[in-house]
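Residue numbers (the numbering used here): 1 to 58. All residues carry an ideal CB built from backbone N, CA and C; glycine is no exception. Remember, it's a predicted structure, so these values are computed and weren't measured experimentally. Here is the structure we will look at.
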Amino acid sequence: MAIPKDPMILMSYVNTQLRDFYSSLDELCSALDLNREELEERLGTVDFHYNKEKNQFV
């Protein structure tokens, strides 16, 4: 499954997945076969960073 390329849509998609299905970013990345560093770097380009306590990008 392809994930959205646009960083803003990607952030929304990832946060929805984290909220509904995964208890951590590592779990999401493992299940969807994503590289965590690349994902965080892509979302970092629009100033979103993973917050472990909230389990979402803020």
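Only counting the same chain, and skipping five residues up and downstream in sequence, which positions put a Cβ closer than 8 Å to that of M11?
If we look at M11 and ignore the five residues flanking it on each side, its Cβ neighbours are L43, V46, F48 and F57.
Given a cut-off of 7 Å on the beta-carbon distance, is the pair C29 and R19 in contact?
Contact: no.
Which word fits Y50, buried or exposed, when buried means at least 16 other C-beta atoms lie within 10 angstroms of its C-beta?
By the neighbour-count criterion, in which a residue is buried when 16 or more other Cβ atoms sit within 10 angstroms of its Cβ, Y50 is buried.
Who are the Cβ neighbours of Q17 in its own chain at under 7 Å, not counting the five residues just before and after it?
Excluding the 5 residues flanking it on each side, Q17 has same chain C-beta neighbours closer than 7 Å at L28, in chain order.
If you follow the alpha helix (DSSP H) that I9 is in, where does it begin and where does it stop?
From DSSP, the alpha helix (DSSP H) with I9 extends over P7 to D20.
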